Every structure is written in structure tokens, then in C-alpha cells.
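Undergrad: Chains as they are written, first to last, in this note's numbering: chain S, 569 to 766; chain W, 569 to 766; chain E, 569 to 766; chain V, 569 to 766. All C-beta atoms, glycine included, are put in the ideal place defined by N, C-alpha and C. All values reported here derive from a predicted model rather than from experimental measurement.
Number of protein chains: 4
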Amino acid sequence: MVPLQVAAALAEAGRSMDARGWVPGSAGNLSARLNETTIAITRSGVHKGKLNAETDIIAVDYHGNALAKGQKPSAETLLHCQIYRLFPHAGAVLHGHSVAATVLSRLGPIKFSDYELLKAFGFSTHELEVNLPIYENDQDISRLANLIEPGLANEPPIGYVIAGHGVYAWGTSVEHALWRLEATEFLLACELERRQIK
Amino acid sequence: MVPLQVAAALAEAGRSMDARGWVPGSAGNLSARLNETTIAITRSGVHKGKLNAETDIIAVDYHGNALAKGQKPSAETLLHCQIYRLFPHAGAVLHGHSVAATVLSRLGPIKFSDYELLKAFGFSTHELEVNLPIYENDQDISRLANLIEPGLANEPPIGYVIAGHGVYAWGTSVEHALWRLEATEFLLACELERRQIK
Amino acid sequence: MVPLQVAAALAEAGRSMDARGWVPGSAGNLSARLNETTIAITRSGVHKGKLNAETDIIAVDYHGNALAKGQKPSAETLLHCQIYRLFPHAGAVLHGHSVAATVLSRLGPIKFSDYELLKAFGFSTHELEVNLPIYENDQDISRLANLIEPGLANEPPIGYVIAGHGVYAWGTSVEHALWRLEATEFLLACELERRQIK
Amino acid sequence: MVPLQVAAALAEAGRSMDARGWVPGSAGNLSARLNETTIAITRSGVHKGKLNAETDIIAVDYHGNALAKGQKPSAETLLHCQIYRLFPHAGAVLHGHSVAATVLSRLGPIKFSDYELLKAFGFSTHELEVNLPIYENDQDISRLANLIEPGLANEPPIGYVIAGHGVYAWGTSVEHALWRLEATEFLLACELERRQIK
Numbered sequence: 569m570v571p572l573q574v575a576a577a578l579a580e581a582g583r584s585m586d587a588r589g590w591v592p593g594s595a596g597n598l599s600a601r602l603n604e605t606t607i608a609i610t611r612s613g614v615h616k617g618k619l620n621a622e623t624d625i626i627a628v629d630y631h632g633n634a635l636a637k638g639q640k641p642s643a644e645t646l647l648h649c650q651i652y653r654l655f656p657h658a659g660a661v662l663h664g665h666s667v668a669a670t671v672l673s674r675l676g677p678i679k680f681s682d683y684e685l686l687k688a689f690g691f692s693t694h695e696l697e698v699n700l701p702i703y704e705n706d707q708d709i710s711r712l713a714n715l716i717e718p719g720l721a722n723e724p725p726i727g728y729v730i731a732g733h734g735v736y737a738w739g740t741s742v743e744h745a746l747w748r749l750e751a752t753e754f755l756l757a758c759e760l761e762r763r764q765i766k
Numbered sequence: 569m570v571p572l573q574v575a576a577a578l579a580e581a582g583r584s585m586d587a588r589g590w591v592p593g594s595a596g597n598l599s600a601r602l603n604e605t606t607i608a609i610t611r612s613g614v615h616k617g618k619l620n621a622e623t624d625i626i627a628v629d630y631h632g633n634a635l636a637k638g639q640k641p642s643a644e645t646l647l648h649c650q651i652y653r654l655f656p657h658a659g660a661v662l663h664g665h666s667v668a669a670t671v672l673s674r675l676g677p678i679k680f681s682d683y684e685l686l687k688a689f690g691f692s693t694h695e696l697e698v699n700l701p702i703y704e705n706d707q708d709i710s711r712l713a714n715l716i717e718p719g720l721a722n723e724p725p726i727g728y729v730i731a732g733h734g735v736y737a738w739g740t741s742v743e744h745a746l747w748r749l750e751a752t753e754f755l756l757a758c759e760l761e762r763r764q765i766k
Numbered sequence: 569m570v571p572l573q574v575a576a577a578l579a580e581a582g583r584s585m586d587a588r589g590w591v592p593g594s595a596g597n598l599s600a601r602l603n604e605t606t607i608a609i610t611r612s613g614v615h616k617g618k619l620n621a622e623t624d625i626i627a628v629d630y631h632g633n634a635l636a637k638g639q640k641p642s643a644e645t646l647l648h649c650q651i652y653r654l655f656p657h658a659g660a661v662l663h664g665h666s667v668a669a670t671v672l673s674r675l676g677p678i679k680f681s682d683y684e685l686l687k688a689f690g691f692s693t694h695e696l697e698v699n700l701p702i703y704e705n706d707q708d709i710s711r712l713a714n715l716i717e718p719g720l721a722n723e724p725p726i727g728y729v730i731a732g733h734g735v736y737a738w739g740t741s742v743e744h745a746l747w748r749l750e751a752t753e754f755l756l757a758c759e760l761e762r763r764q765i766k
Numbered sequence: 569m570v571p572l573q574v575a576a577a578l579a580e581a582g583r584s585m586d587a588r589g590w591v592p593g594s595a596g597n598l599s600a601r602l603n604e605t606t607i608a609i610t611r612s613g614v615h616k617g618k619l620n621a622e623t624d625i626i627a628v629d630y631h632g633n634a635l636a637k638g639q640k641p642s643a644e645t646l647l648h649c650q651i652y653r654l655f656p657h658a659g660a661v662l663h664g665h666s667v668a669a670t671v672l673s674r675l676g677p678i679k680f681s682d683y684e685l686l687k688a689f690g691f692s693t694h695e696l697e698v699n700l701p702i703y704e705n706d707q708d709i710s711r712l713a714n715l716i717e718p719g720l721a722n723e724p725p726i727g728y729v730i731a732g733h734g735v736y737a738w739g740t741s742v743e744h745a746l747w748r749l750e751a752t753e754f755l756l757a758c759e760l761e762r763r764q765i766k
């Protein structure tokens with residue numbers, strides 16, 4: 569049901585994320601938009617660095633329900649659906665847990681100023697300050713999606729972080745989403761190191 | 569004596585641990601429960617990141633004695649046996665030495681609060697504080713096992729650390745134990761970074 | 569137009585840089601001098617850790633113009649051209665973004681004193697202090713090149729950093745440029761760690 | 569002249585060291601004792617993470633002179649020879665540059681107390697304090713060897729560091745030397761992290 573090429577791209581992105589330490593245990597989830605009714609997403613309870621493209625990526629509708637009976641998508645599928653619904657150009661969504669994102673998201677606002685890498689998000693200059701929104705973690709994903717919705721809809725951010733949890737990044741393709749995730753994590757790593765200088 | 573599939577899973581887990589820097593020198597040991605009388609465990613004096621599945625994983629009984637003459641199991645085999653004895657669902661035990669575990673275990677209690685990744689241990693929420701027990705290191709493994717026993721028996725922890733030494737993690741399978749070890753080490757890395765912010 | 573051997577060496581250097589985390593997203597650019605009129609350089613908008621030697625390395629003249637119609641070289645091509653123009657022995661130029669370079673370049677002068685690794689730059693002793701010049705970032709690459717020119721021409725440095733952006737390193741060959749980049753990044757990592765000691 | 573098996577073991581150790589970031593540029597050197605008159609050592613000016621076993625490992629005598637005309641051994645060959653001369657059981661010597669060793673060796677004495685990993689050096693307990701000797705760097709290798717000699721001869725250490733430069737480790741075989749180097753670097757990494765806690 570999920571084209572193997574899409575599943576393979578997600579599995580490859582998962583291996584890249586694992587090599588950076590962003591998917592510890594069975595954490596993280598990865599998805600791609602297939603068409604106007606269907607999304608491909610990692611299933612629940614598998615290691616995202618060792619995805620089997622043939623069995624670990626499943627199809628869900630835009631309400632997060634698995635199309636095939638008995639399949640269980642990632643717990644946070646609704647957050648992926650929300651991004652595809654709000655952003656027509658979003659073709660893939662990647663969510664990982666990094667140490668930098670986890671630590672910094674619990675310490676107050678995260679703002680990136682004057683970094684060249686901000687250009688990875690389509691800005692034409694580095695001379696700006698960009699906010700990475702932080703939302704309080706909530707196991708009720710529906711409620712969490714409602715909390716996030718106004719920010720996404722009104723002022724599309726470069727991505728967002730759930731506090732003590734991890735980053736959500738997206739792009740036009742799996743590759744592009746991974747570029748933006750790498751850029752976000754790079755900036756978070758810079759902020760963490762900067763705050764550790766005595 | 570040890571099924572090759574089990575030995576291969578342990579060797580693969582060792583390579584993952586080595587890639588993260590958790591088995592420096594010949595440190596660490598890995599095991600899996602085979603049946604009611606036998607455990608498979610890494611032998612003493614080999615590098616756990618370069619395990620030969622055919623020769624480096626040996627069978628021991630629940631008292632830690634090698635079944636084949638002349639084979640020498642890891643020095644800390646008794647701690648593995650203890651976990652299998654106390655936890656019927658434990659199918660594999662992984663012990664590694666990470667920099668974060670080594671450093672933090674010498675600085676007082678380790679508590680993880682409000683991390684999403686706590687869900688890796690079966691909790692249904694991130695809104696809790698979880699203690700990672702620390703035990704003083706002891707070269708007398710029998711005495712060390714006795715020290716650890718009450719804590720394990722009374723209030724099963726998510727794992728434990730021996731001070732200045734490393735983490736013991738377990739799970740229903742080798743893969744599951746590795747997930748839990750990854751989650752534990754991720755949380756320890758978060759705590760270490762957090763404490764280094766000025 | 570670009571000899572495959574040169575393109576393959578640049579692609580391999582890109583993979584090494586990616587393994588170290590120096591080319592997040594589509595950041596960084598890599599080039600090699602082909603002859604007195606032509607330079608090989610990575611094209612714009614590709615991941616430098618996953619370069620396809622046959623399609624991602626293109627030929628430009630010394631003014632930074634692509635020789636083949638419709639090809640778009642890296643945005644910072646002029647900075648590469650400048651190095652080849654000023655330094656006859658420069659055979660390759662590598663530019664990456666590391667966390668250490670990004671963080672330190674925003675905090676004032678960077679000086680390396682008494683490091684053995686300074687010998688990687690041709691010094692015969694470690695007993696000296698070497699300055700790594702920092703230039704303010706500018707999206708107008710022509711203007712940035714003019715800002716950099718006097719320093720390069722008057723007192724050739726071991727390389728340089730653009731603030732909040734990354735390192736430019738060069739050498740007689742792709743391999744030699746990578747050695748010098750590795751040495752520069754190692755020294756930056758040492759400085760970052762040193763400044764984090766309480 | 570150098571048995572391919574020995575050269576391959578050294579090349580493999582070099583790749584392990586490079587994966588950890590311990591041989592930036594052309595830094596580091598690796599050797600193995602061949603017999604009572606000959607030592608195999610990496611030649612000068614090659615990357616130690618990409619050693620060609622057939623061409624990059626050469627034979628030298630115990631005075632550090634290449635046996636084949638025109639071959640140039642690593643600049644610090646005499647320090648390897650010294651270790652083989654003083655320690656009959658030393659079968660291999662590894663020297664790398666790590667960030668932790670470079671930074672800490674410039675900040676005063678390095679002592680490791682109560683680490684389990686001290687057992688990697690043959691101690692039967694972790695309850696001890698072990699000194700890692702630091703020697704001032706010197707480009708005159710002969711003079712540096714003379715400075716080091718008394719310490720090595722009188723009280724054989726677990727290895728030593730040259731300030732701002734890197735670690736010398738040895739063992740009965742290439743594999744054993746790498747274990748000891750990994751243990752030394754692990755302890756240095758622990759010390760560095762510990763000193764960065766606020």
C-alpha cells in the first residue's frame with residue numbers, strides 16, 4: 569500500500585537520525601504524504617534506526633487511522649496529520665529526540681540569532697532572530713494538537729519542539745525534511761554548547 | 569550450545585554499544601536467557617564491540633558457572649543471573665560503561681523527571697520522577713549482588729548503575745534490552761548536559 | 569567536464585565531513601582546481617555528505633560562472649575562486665559548518681597556542697600562537713570577498729572562519745585540504761571544551 | 569618486510585582511532601614489535617585512519633632508522649623504540665591525539681581515582697588512584713625521550729601524555745594496546761566532563 573521507494577526513503581532517513589543519536593529506543597516517528605487521502609508513517613514499537621521498508625511503514629488516513637486492519641501507527645500520528653493538513657507543501661515530517669532539544673526545551677524560550685544556517689529554512693539572510701516554538705508535553709495527542717494548532721496556522725514556524733520530548737521538522741520531501749531537521753538540531757547543538765561556556 | 573541466532577543478536581547489540589562508546593577496552597558484558605537452567609553470556613577478556621558469535625558467547629548455569637570446561641564467563645556474570653532469577657520476564661541483560669553513567673554515578677542521586685523517554689520503560693506518562701538506583705562498586709561480585717538484591721526485589725527499577733562503573737539494563741529480548749539501555753543512556757546524557765549549563 | 573577522479577575525491581571528502589557533522593542540511597561547499605581557467609565545485613542545493621560524483625560536481629571559471637548552461641554552483645563560489653587566485657599552491661578548498669566554529673566565531677578572537685597539531689599547517693614547532701581570522705558574515709559574497717582579501721594577501725592564515733557560519737580550509741590536494749580542515753576543527757573543539765571547564 | 573597480518577592489524581587500529589576522532593590530519597602513529605631487531609611503524613605523512621597496509625607500514629630498527637632506503641618513519645619513532653626497549657612485554661604502541669587528552673594535559677596533573685575501568689590496566693581493584701604522567705612537548709624527540717626515560721624505567725605508568733599533544737599507550741598486541749588506549753581515553757573523557765559540571 570505504501571510505495572517501496574517512499575518507505576525506503578523513510579527507512580534511510582531513520583538510519584541517518586539513528587547515527588546522530590536522535591531515535592533512542594523506539595523513539596521518534598517518520599512520515600511522508602502519499603496523496604490527498606493517505607499518509608505513510610512508521611508503525612508503533614519499532615526502532616526507527618532499523619526500519620524494514622517492507623513491514624514497518626504503514627498507510628493511514630488524515631485522521632490517523634491505519635488503512636489496514638490490525639496495524640498500529642506511531643502514537644503521535646495526529647501531529648503528522650496536522651502538519652500535512654495545514655501546510656500543502658509539506659511532503660514529509662520527521663520527529664526525533666535529541667539530547668540538545670530535550671535539555672534546552674525545558675529551560676525557556678529558544679531563539680536563533682544571526683546563524684548562517686537559518687538560510688536552510690528559506691530565509692534570504694542570516695541577520696534575523698527566529699523563534700523555535702516550545703509546547704508543553706501532553707500524552708493526550710488530540711489535546712496537544714489543539715494546543716499547537718494556533719501557532720502553526722498563524723505564523724508557520726521553522727519547526728517546533730515538545731518540551732522534554734523532541735523536535736518536529738518537515739519539508740517538501742523526505743530528503744528536504746531531513747535537511748531541515750539537521751539544520752534545527754545543529755542550531756540547538758550550538759545553543760547548548762554556547763550556554764555551557766563558563 | 570548457544571543457538572547462533574541468540575549469539576548473533578548479542579554480537580550485534582555489542583556492535584551498537586561500541587558505536588556509542590559504551591564498551592571501551594574489554595568492558596561490558598551481554599547475556600540472554602536460554603531456558604530455565606541456562607544463560608548465554610559473553611566470555612571474559614574479549615572486546616564487546618567485536619564479538620565473534622561462534623566463539624565469544626558461552627553458556628552458564630544460574631549460578632554463573634560455565635557449562636563447558638575451561639570457558640571463563642564475564643566477571644560480573646552473577647549480576648546477570650540475579651536479574652534473570654528475580655524478573656521472570658527478563659530475556660536479556662546488557663551492561664556497558666558510558667562516560668555519562670560513570671561521571672554522574674559518582675555525584676549523588678540520579679532522578680529523571682518529566683522526560684518523554686520515560687515511556688520507554690512502560691510508564692504511561694512522562695509526568696513522574698524516576699530514580700535510577702546507584703550502588704557502590706565492589707570487586708566481590710557476590711557481596712555486590714547481595715547489596716543490590718533488596719532494591720531489585722522490593723521495587724523493580726528501570727535499571728541500575730554501579731558507581732564509577734556503568735549501567736545494567738534488561739528487557740524481554742536482546743532488542744528490547746538495547747532499547748531500554750539506549751533510553752537510559754539518553755536520559756543520563758541529558759542530565760550530564762543539563763548540569764554543565766552555566 | 570570534471571574528471572571523475574577529482575569529483576570522486578570531493579564526494580569522499582564530503583562524506584568524511586558529514587560523518588563529523590560539518591555539513592548539516594545542504595551546508596558547506598567543496599572544490600578543486602582543475603587548471604588555469606577551471607575549478608570543480610559542488611553545485612548548489614545538494615547534501616554535501618551524499619554527493620553524486622557524476623552529477624553534483626560542476627565546472628566554473630575563476631569568476632565563479634558555471635561553464636555549462638543551467639548549472640548553479642554553490643553560493644559562495646567566489647570565496648573559493650579568491651583562494652585559488654591568491655595561493656598558487658592551493659589545489660582544493662573545503663568549507664564546512666561545525667558547531668565549534670559556529671559558536672566560537674561569535675565570541676571574539678580565536679588564537680591557538682602551543683598545540684602540537686599546529687604542525688599540520690607547516691610550522692616546525694608547536695611553540696607559537698596562531699590566529700584564526702574571523703570575518704563578519706555577509707550575504708553579498710562579492711563584498712565579503714573584498715573584506716577578506718587584504719588579510720589573505722598580506723599574511724596568509726592557516727584558514728579562516730566566517731562568524732556564525734563556518735571554516736574555510738585549503739591545501740595542495742583534496743586530501744591535504746581535508747587534513748588541514750580536520751586539524752582546524754580539532755583545535756576549535758579543544759578551545760570549545762577548554763572554555764567550558766568550570 | 570612487514571608481515572601483512574601485522575600491517576593489517578595496525579591499519580584496522582588506525583581506522584578505529586579515526587572513528588573516535590583521535591588521528592586528525594596526519595596525526596598519530598602506530599607500531600608493532602616484529603622481533604629483536606625490527607619494529608613495524610606507520611610512515612610519515614599519511615592519514616592514520618586510511619592506512620594502506622601494503623605501503624604505509626614500514627620496518628625500522630630499534631634506533632628508529634628505516635630498513636629500506638628512502639622510507640621515512642613517523643617523526644616520533646624514537647618514543648616507540650623506547651617503549652619496546654624498556655618493556656619486554658610491549659608488543660604494540662599506539663599514539664593518538666584526542667581533544668580530551670590535549671585539553672586536560674595543559675591543565676595540571678591527571679589522576680584517575682576509583683574508576684572500574686582502571687582494571688583494564690591489570691589492577692585487581694578500582695579502589696586506587698592512578699597517575700597519568702604528563703611530559704612537556706618538545707620537537708627534539710631525542711631530548712623528549714630522555715625526559716620521559718626515568719619515569720618509564722622507575723615506575724611503569726599505564727601510559728603517558730605529552731602536553732597539548734596526545735596519549736601514548738601500549739599493550740602485548742595491537743588489539744591489547746587499543747584496549748588500553750580506549751580505556752585511557754574513556755577515563756580522560758570522564759575527567760573532562762566531570763570538570764565541566766557547574
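Could you check how far apart the C-beta atoms of ARG611(V) and ASP624(V) are, in whole angstroms? I think they sit under 8 Å.
TA: The residue labelled residue 611(V) in the question sits at position 43 within the fourth sequence. The residue labelled residue 624(V) in the question sits at position 56 within the fourth sequence. Rounded, the Cβ-Cβ distance is 6 Å, consistent with contact.
Undergrad: What does the Cβ neighbour count give for GLY690(E), buried or exposed, with the cut at 16 atoms within 10 Å?
TA: For the purposes of this step, residue 690(E) is taken as the residue at position 122 of the third sequence. Exposed: under 16 other Cβ atoms inside 10 Å.
Undergrad: Would you be able to state if there are at least three C-beta pairs under 8 Å between the region 580–598 of chain V and the region 661–675 of chain V?
TA: Touching, yes, given that three or more Cβ pairs across the two stretches are closer than 8 Å.
Undergrad: Looking at the secondary structure, which residues open and close the beta strand (DSSP E) in which LEU598(W) lies?
TA: Here residue 598(W) corresponds to residue number 30 of the second sequence, with the count starting at 1. 597–601 is the extent of the beta strand (DSSP E) around LEU598(W).
Undergrad: So MET569(W) and ALA621(W) are in contact, right, with Cβ under 8 Å, and what is the actual spacing, rounded?
TA: By 1-based counting over the second sequence, the position of residue 569(W) is 1. By 1-based counting over the second sequence, the position of residue 621(W) is 53. 13 Å between Cβ atoms; not a contact.
Undergrad: When you compare only the Cα positions, how much space is there between GLY617(V) and GLY676(S)?
TA: Position 49 of the fourth sequence, counted from the start, is the residue given in the question as residue 617(V). Position 108 of the first sequence, counted from the start, is the residue given in the question as residue 676(S). Between GLY617(V) and GLY676(S), the C-alpha separation is close to 42 Å.
Undergrad: Pull up the distance between the alpha-carbon of GLY739(W) and that of LEU746(W), whole angstroms please.
TA: Mapped onto the second sequence, residue 739(W) falls at position 171. Mapped onto the second sequence, residue 746(W) falls at position 178. Roughly 8 Å separates the two Cα atoms.
Undergrad: Are at least three pairs of beta-carbons, each pair with one atom in the region 695–706 of chain V and one in the region 719–733 of chain V, less than 8 Å apart?
TA: Yes, since at least three Cβ pairs between the region 695–706 of chain V and the region 719–733 of chain V fall closer than 8 Å, the two stretches touch.
Undergrad: CB LEU686(V) to CB ILE726(V), shorter than 9 Å?
TA: Translated into the one-based positions of the fourth sequence, residue 686(V) becomes position 118. Translated into the one-based positions of the fourth sequence, residue 726(V) becomes position 158. In this structure, ILE726(V) lies closer than 9 Å to LEU686(V) by Cβ.
Undergrad: May I have a chain-ordered list of the beta strand (DSSP E) segments no shorter than 3 residues that lie completely inside the region 705–732 of chain S?
TA: Whole beta strand (DSSP E) segments, 3+ residues: 728–730.
Undergrad: Could you name each continuous alpha helix (DSSP H) segment of 4 residues or more that falls completely within the region 664–708 of chain S, going from the start of the chain to the end?
TA: Here the runs fully enclosed are 667–672.
Undergrad: Grouping DSSP H, G and I as helix and E and B as strand, with all else coil, what is TRP738(W)?
TA: Counting from 1 along the second sequence, the entry for residue 738(W) is found at position 170. In the structure shown, TRP738(W) sits in a strand (DSSP, three-state: E or B).
Undergrad: Please confirm whether SER642(W) has its beta-carbon closer than 9 Å to some beta-carbon of chain S.
TA: Sequence index remark: in the second sequence, residue 642(W) carries index 74 (1-based). It does not; no Cβ of chain S falls within 9 Å.
Undergrad: Between which two residues does the beta strand (DSSP E) containing THR610(V) stretch?
TA: Walking along the fourth sequence from the start, residue 610(V) turns up at place 42. Looking at the DSSP string, the run of the beta strand (DSSP E) that includes THR610(V) is 607–610.
Undergrad: If you compare alpha carbons, which of GLY593(E), ILE609(E) and ALA595(E) is closest to LEU578(E)?
TA: By 1-based counting over the third sequence, the position of residue 578(E) is 10. Of the candidates GLY593(E), ILE609(E) and ALA595(E), the one whose C-alpha sits nearest the C-alpha of LEU578(E) is ILE609(E).
Undergrad: Please report the Cβ distance between LEU619(S) and VAL574(S), rounded to the nearest whole angstrom; I am assuming they are in contact, meaning their Cβ atoms lie under 8 Å.
TA: Counting from 1 along the first sequence, the entry for residue 619(S) is found at position 51. Counting from 1 along the first sequence, the entry for residue 574(S) is found at position 6. Wrong, their Cβ atoms sit about 12 Å apart, outside the cutoff.
Undergrad: So that I know if they touch, is there some Cβ in chain V lying closer than 9 Å to that of ILE730(W)?
TA: As a first step, residue 730(W) must be located in the second sequence, where it is residue number 162. With 9 Å as the cut-off, ILE730(W) counts as an interface residue toward chain V.
Undergrad: So LEU647(E) packs on TYR736(E), CB below 8 Å; how close in whole Å?
TA: Locating residue 647(E) in the third sequence gives position 79, counting from the first residue. Locating residue 736(E) in the third sequence gives position 168, counting from the first residue. Rounded, the Cβ-Cβ distance is 6 Å, consistent with contact.
Undergrad: Listing by chain order, which chain S residues have their CB less than 8 Å from the CB of SER741(E)?
TA: As a first step, residue 741(E) must be located in the third sequence, where it is residue number 173. In chain order: nothing, as chain S lies at least about 27 Å away.
Undergrad: Rounded to the nearest angstrom, how far is the Cβ of SER594(S) from that of ALA660(S), given a contact under 8 Å?
TA: Reading the first sequence from its first residue, position 26 is the one you call residue 594(S). Reading the first sequence from its first residue, position 92 is the one you call residue 660(S). Actually they do not touch by this definition, with Cβ atoms about 20 Å apart.
Undergrad: Mapping DSSP to helix, strand and coil, what is VAL628(W)?
TA: Within the second sequence, numbered from 1, the residue matching residue 628(W) stands at position 60. DSSP places VAL628(W) in strand when its eight states are reduced to three.
Undergrad: Please report whether the beta-carbon of HIS694(W) lies at a distance below 9 Å from any beta-carbon of chain B.
TA: Going by chain labels, chain B is absent from the structure shown, which instead holds the protein chains S, W, E and V.
Undergrad: Could you check what DSSP says for VAL661(S) in three-state terms: helix, strand or coil?
TA: Numbered from 1 along the first sequence, position 93 holds the residue referred to as residue 661(S). Here VAL661(S) sits in strand by DSSP.
Undergrad: Taking 9 Å as the threshold (beta carbon to beta carbon), is LEU760(E) in contact with chain S?
TA: The residue you call residue 760(E) lines up with position 192 of the third sequence. Output row for LEU760(E): interface = yes.
Undergrad: To the nearest angstrom, how far is it from the Cα of SER681(E) to the Cα of CYS758(E)?
TA: Taking the first residue of the third sequence as position 1, residue 681(E) is located at position 113. Taking the first residue of the third sequence as position 1, residue 758(E) is located at position 190. C-alpha separation (whole angstroms): 11 Å.
Undergrad: Using a Cβ-Cβ cutoff of less than 7 Å, which residues in the same chain neighbour LEU654(W) once the five nearest sequence positions on both sides are dropped?
TA: Residue 654(W) sits at position 86 when you count from the first residue of the second sequence. So the qualifying residues of the chain are LEU720 and ALA721.
Undergrad: Would you kindly check if the distance between the Cβ of ALA643(V) and the Cβ of ILE651(V) is under 9 Å?
TA: Here the question's residue 651(V) lines up with position 83 in the fourth sequence. Here the question's residue 643(V) lines up with position 75 in the fourth sequence. Contact flag unset, no.
Undergrad: What residues in the region 663–674 of chain V bring their beta carbon closer than 7 Å to a beta carbon of chain E?
TA: Within the region 663–674 of chain V, the residues whose Cβ lies closer than 7 Å to some Cβ of chain E are HIS665, VAL667, THR670 and VAL671, listed in chain order.
Undergrad: Which class does ALA634(V) belong to by DSSP, given the choice of helix, strand or coil?
TA: To locate residue 634(V), count along the fourth sequence from 1; it is residue 66. Looking at ALA634(V) - three-state DSSP - the assignment turns out to be strand.
Undergrad: Please work out which residues of its chain come closer than 7 Å, Cβ to Cβ, to ALA688(V), disregarding the five sequence neighbours upstream and downstream, and give them in chain order.
TA: Walking along the fourth sequence from the start, residue 688(V) turns up at place 120. Closer than 7 Å at Cβ, skipping near neighbours: TRP747, ARG748 and ALA751.
Undergrad: Would you say GLU684(S) and GLY582(E) are within 9 Å of each other, going by their C-beta atoms?
TA: Locating residue 684(S) in the first sequence gives position 116, where the first residue counts as 1. Locating residue 582(E) in the third sequence gives position 14, where the first residue counts as 1. No, the Cβ-Cβ distance between GLU684(S) and GLY582(E) is not below 9 Å.
Undergrad: Output the boundary residues of the alpha helix (DSSP H) element that contains ILE651(W).
TA: The sequence position of residue 651(W) within the second sequence is 83, counting from 1. 645–654 is the span of the alpha helix (DSSP H), which, as asked, contains ILE651(W).
Undergrad: What does SER594(V) reach in chain E if we use C-beta pairs closer than 8 Å?
TA: On the fourth sequence, position 26 is the one that residue 594(V) refers to. Correct list: ALA688 and TRP747.
Undergrad: Kindly list, in the order they appear in chain W, the residues whose Cβ is closer than 8 Å to that of ILE716(S).
TA: On the first sequence, residue 716(S) is found 148 positions in, with the first residue counted as 1. The premise fails here: ILE716(S) is roughly 15 Å from chain W at the closest Cβ pair, so nothing lies under 8 Å.
Undergrad: Are GLU753(S) and HIS615(E) closer than 9 Å when you measure CB to CB?
TA: By one-based count along the first sequence, residue 753(S) stands at place 185. By one-based count along the third sequence, residue 615(E) stands at place 47. Not in contact: GLU753(S) and HIS615(E) (Cβ atoms no closer than 9 Å).
Undergrad: Mind listing the chain S neighbours of TYR736(W)? Cutoff is C-beta to C-beta under 9 Å, in chain order.
TA: Residue mapping note: residue 736(W) aligns to position 168 of the second sequence, counting from 1. Under the 9 Å cutoff, chain S gives no residues; its nearest Cβ is about 16 Å from TYR736(W).
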